[in-house]
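For the sequence shown, the positions run 217 to 550 when our numbering is used.
Inspection log for the structure reproduced underneath, given as structure tokens.
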Amino acid sequence: MQTRAGSNVVQTKDVMKKVILSLVIIIVLCCVLHPDRFALSYYPYIKYSDIPNELEPSPRAIAVVKESAKPLCLLIPNGLETSLHHPNESVTEYDIKHLARRLNIEEGGAWQPSECVSQHQVAIIIPFRNRTVQLWIFLSYMHPFLQKQMLNYRIFVIEQMKGAFNRAKLFNVGYAEALKIFPYHCFIFHDVDLIPQKLSNMYACTRQPRHMSSSVNTFRYNLPYKELFGGAVAILQKQFELVNGFSNIFYGWGGEDDDFHSRVINRGMTLCRFPPDVARYTMLAHSKELPSENRFMNLKSGRDRFATDGVNTLQYTIMKVVYYPLYTWILVDL
Ligand code: BGC
217 MQTRAGSNVV
227 QTKDVMKKVI
237 LSLVIIIVLC
247 CVLHPDRFAL
257 SYYPYIKYSD
267 IPNELEPSPR
277 AIAVVKESAK
287 PLCLLIPNGL
297 ETSLHHPNES
307 VTEYDIKHLA
317 RRLNIEEGGA
327 WQPSECVSQH
337 QVAIIIPFRN
347 RTVQLWIFLS
357 YMHPFLQKQM
367 LNYRIFVIEQ
377 MKGAFNRAKL
387 FNVGYAEALK
397 IFPYHCFIFH
407 DVDLIPQKLS
417 NMYACTRQPR
427 HMSSSVNTFR
437 YNLPYKELFG
447 GAVAILQKQF
457 ELVNGFSNIF
467 YGWGGEDDDF
477 HSRVINRGMT
487 LCRFPPDVAR
497 YTMLAHSKEL
507 PSENRFMNLK
517 SGRDRFATDG
527 VNTLQYTIMK
537 VVYYPLYTWI
547 LVDL
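Have a look at this one:
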């Protein structure tokens, strides 16, 4: 017969087992369901030492240099290892006005090095609405950043006039309009609230389309899921054309970047990422958007529309174009 003390020990053991089991279940659920859960990239992280081999210079720049008295700039300038200050979040309109003159920026937010021919000809496309202060912070931080990288670049801000926000279609508009100004070989599609923390994160194109913002503070510098292709991406012009750009039908928040990921994979390309300690970003604070309900449906039918919904079917009306000192502003009715 079991003594009372013995049965107490058995009961305590049972309780302990249940507690431990519950803790394990809670921990597993937290790991699986938490939005910031750790996801290893199954696309290759380029090794730091391999970055120069992976960058794709502009053939046009190489051709231009032959007729120019200037030498080619280095593919990656020296001295980009230095760490950066946190962006100045109290930028004023006054600062913005004077920056262009101080940094010798051409009207419309374009710049290229004067002493050499940059190997990177990059259009940076920012979809925009109602985030003026973030735009000021972005511009005042990014121009000096891009100049240190010795790029030939222009910043395009594509603002949607009305209706539900369509980030992807604004990117397509930016692509089409940028090509009317200059035959850029590399496109960077970039949210206004993302600030790169490392100068070594070259704003240039790699052989494969690159997910640039793979290490963001709000995701605790982890990838929320392996296929994530949002925030900031770099893609060669010829690759963007090949995938027919972004879909035009994603109105509201979410899904359009996942669709773009499928387009790239569907065309036999893969993604690449710089090492997490290079691809680090700070996201400027803002309230969360309401996710669109149609995004899952649009994503599901995406594959059927790759060839018939994109830059080849893009329709929009330009309402205004202004060459501001720090950016080319295009107001558009989608
Ligand atoms: C959305 C993407 C978004 C990602 C990260 C996904 O659920 O579909 O559009 O970029 O979450 O926030």
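Ideal placement from N, C-alpha and C gives every residue a C-beta, glycine not left out.
All values derive from a computational prediction rather than experimental measurement.
| Asked | Found |
| --- | --- |
| Keeping to the same chain, check which residues put their C-beta closer than 8 Å to that of ILE374; ignore five residues upstream and five downstream. | ILE341, ILE342, PRO343, PHE344, LEU386, PHE387, VAL389, GLY390, GLU393, ILE546 and VAL548 |
| Is DSSP giving GLN337 helix, strand or coil here? | strand |
| Give the secondary structure of ASP493 by DSSP, where H, G and I count as helix, E and B as strand, and everything else as coil. | coil |
| With a threshold of 6 Å, establish whether the CB of GLY446 neighbours any heavy atom of ligand 1. | yes |
| Grab the span of the alpha helix (DSSP H) containing ILE481 for me, first residue to last. | 472–482 |
| Taking C-alpha atoms, which residue in GLY325, LEU351 and LEU288 lies nearest to GLU331? | LEU288 |
| From ILE353, ALA384, LYS263 and PHE490, pick the residue whose C-alpha is nearest to that of GLU309; which is it? | ILE353 |
| Are MET366 and PRO293 close, meaning C-beta to C-beta below 7 Å? | yes |
| Helix, strand or coil: how does DSSP classify GLN376 here? | strand |
| Please tell me whether, using a cut-off of 6 Å, the distance from the CB of ASP473 to the nearest non-hydrogen atom of ligand 1 is below it. | yes |
| Kindly identify the DSSP beta-bridge partner or partners of VAL449. | PHE405 and HIS427 |
| For chain C, is any of its Cβ atoms less than 7 Å away from the one on GLN413? | Chain labels in this structure do not include chain C; a single protein chain is all it has. |
| Cα separation between PHE466 and SER431? | 25 Å |
| Strictly by DSSP, which residues pair up with GLU322? | ALA326 |
| I'd like to know whether the C-beta atoms of ALA199 and PHE462 end up nearer to each other than 7 Å. | The first residue shown for the chain is 217 and the last is 550, placing residue 199 beyond what the model contains. |
| Whose C-beta lies closer than 7 Å to the C-beta of GLY518 among residues of the same chain, with five residues either side of it excluded? | SER463, ASP475 and SER478 |
| Taking one C-beta from the segment 438–447 and one from the segment 500–518 each time, how about it: are there three or more such pairs within less than 8 Å? | no |
| So ASP549 is in the alpha helix (DSSP H); what residue range does that whole segment cover? | ASP549 -> not in any alpha helix (DSSP H); beta strand (DSSP E) instead, spanning 544–549. |
| Roughly how many angstroms separate the alpha carbons of ASN460 and ARG483, rounded to a whole number? | 10 Å |
| Nearer than 6 Å: is that true of the beta carbon of GLY518 relative to any heavy atom of ligand 1? | no |
| For HIS301, is the classification buried or exposed, using 16 other Cβ atoms within 10 angstroms of its Cβ as the cut-off for buried? | exposed |
| Within 10 angstroms of the Cβ of ALA420, are there 16 or more other Cβ atoms? Answer buried if so, exposed if not. | buried |
| Return the CA-CA distance between SER238 and THR434, expressed in angstroms with no decimal places. | 29 Å |
| Would the beta-carbon of GLY461 be found less than 6 Å away from any heavy atom of ligand 1? | no |
| Please classify ASP520 as buried or exposed, where buried requires at least 16 neighbouring CB atoms within 10 angstroms. | exposed |
| Where do the N-terminal and C-terminal ends of the beta strand (DSSP E) with LEU410 fall, by residue? | 410–412 |
| Ends of the beta strand (DSSP E) at VAL537? | 533–539 |
| Cβ-heavy atom distance between GLY325 and ligand 1 below 6 Å? | no |
| Along the chain, where does the alpha helix (DSSP H) containing PHE387 start, and where does it finish? | 383–397 |
| Is GLY470 near ligand 1, going by C-beta to nearest heavy atom under 6 Å? | yes |
| Just to confirm my understanding: we take MET377, look at its own chain, exclude 5 residues before and 5 after, and list those with CB closer than 7 Å. What are they? | MET535, LEU547, VAL548 and ASP549 |
| Using C-beta distances below 7 Å, list every residue in its chain close to ASN333, excluding the 5 sequence neighbours before and after it, in chain order. | The question names Asn, but residue 333 is Val in the sequence shown. So the list reads ALA277, VAL280, VAL281, SER284, LYS286, LEU288 and CYS289, once near-sequence residues are dropped. |
| Going by DSSP in three states, ILE342 sits in which element: helix, strand or coil? | strand |
| Quick check: ASP583 and GLN350, are their CB atoms within less than 7 Å of each other? | A question about residue 583 goes unanswered here, because the residues of the chain that appear run from 217 up to 550. |
| Measuring alpha carbon to alpha carbon, tell me which residue in LEU291, THR498 and PHE372 is nearest LYS396. | PHE372 |
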